[in-house]
């Protein structure tokens, strides 16, 4: 059974948190055998979940991403020329905005063998400037594998649920994905619990007070394995 913990953040939000996942040894396997989220496994492409691009929150986030892209060093941004000529934002198939695609993956994804280094050009740019990738990357990118769902609660309060992404969160494409890294045990390869390895992301999502309270309650003290049940 999934263990849930509920914590008030003191600012009007009650967090319902999947403590089992936060205690697990999940770790991103990009560049270390991740087969990607296509119909067939393709670890050699090192695309991870970047093959569909990133859905952007709104026009404000789109403008921020475009502005950051303009500051990237071409030496560490493989598709700099494409971005300059065509932009880095597109209209998503399901509506809204998303990052542009180049040869079947996000415009910001440097491919294996690129001299400036493989991986997200925004992530590399943030590190080069001594800043957190959280402040540079689209929200969905730095938040993965965590997902937050909010709903109104009595008294003008908010009930927020934090859990790992599920296959059905990917929409119609989720059914054909070769794998979903938060299902099963394929990504349970970390040497620390998620509450430690994703501490910065958790602080940005739920606040450090909530994370510290979860640790006080023993979340992450002993490894736990996520379950498929809700």
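Residue numbers (my numbering): 226 to 455. All C-beta atoms, glycine included, are put in the ideal place defined by N, C-alpha and C. The model shown is predicted, which means the values in this text are computed figures rather than measured ones.
Excluding five sequence neighbours on each side, which residues of the same chain lie with their C-beta closer than 6 Å to the C-beta of residue i?
i: residue 359; result: 367, 429
i: residue 418; result: 248, 445
i: residue 407; result: 370, 389, 390
i: residue 228; result: 244, 245
Who are the Cβ neighbours of residue i in its own chain at under 8 Å, not counting the five residues just before and after it?
i: residue 301; result: 335, 341, 342, 346, 349, 350, 353
i: residue 420; result: 247, 248, 427, 436, 439, 440, 444, 445
Classify residue i as helix, strand or coil using the three-state DSSP reduction.
i: residue 243; result: strand
i: residue 437; result: helix
i: residue 229; result: strand
i: residue 455; result: Unreliable placement is indicated for residue 455, whose pLDDT of 49 sits below 50; the coordinate value is still reported in the next sentence. Three-state DSSP puts residue 455 in coil, outside helix and strand.
i: residue 348; result: helix
i: residue 225; result: Summary: the structure shown does not reach residue 225, with the chain confined to residues 226 through 455, and so no result is reported for it.
Taking only the alpha-carbon atoms, compute the straight-line gap between residue i and residue j and give it to the nearest angstrom.
i: residue 445; j: residue 249; result: 7 Å
i: residue 270; j: residue 337; result: 7 Å
i: residue 393; j: residue 323; result: 19 Å
i: residue 381; j: residue 234; result: 14 Å
i: residue 455; j: residue 311; result: Below a pLDDT of 50, predicted positions are generally treated as unreliable, and residue 455, at 49, falls in that range; the measurement from the model is reported next regardless. Approximately 42 Å between the Cα atoms of the pair.
Using a Cβ-Cβ cutoff of less than 7 Å, which residues in the same chain neighbour residue i once the five nearest sequence positions on both sides are dropped?
i: residue 252; result: 412, 414, 415, 422
Do residue j and residue i have their beta-carbon atoms positioned less than 8 Å apart in this structure?
i: residue 330; j: residue 275; result: yes
i: residue 387; j: residue 373; result: yes
i: residue 403; j: residue 268; result: no
i: residue 293; j: residue 305; result: no
i: residue 282; j: residue 290; result: no
Can you check DSSP and say which residues form a bridge with residue i?
i: residue 330; result: 327
Does the CB of residue i have a neighbour CB from chain C at under 8 Å?
i: residue 385; result: Protein chain content of the structure displayed is limited to a single chain, and chain C is not contained in it.
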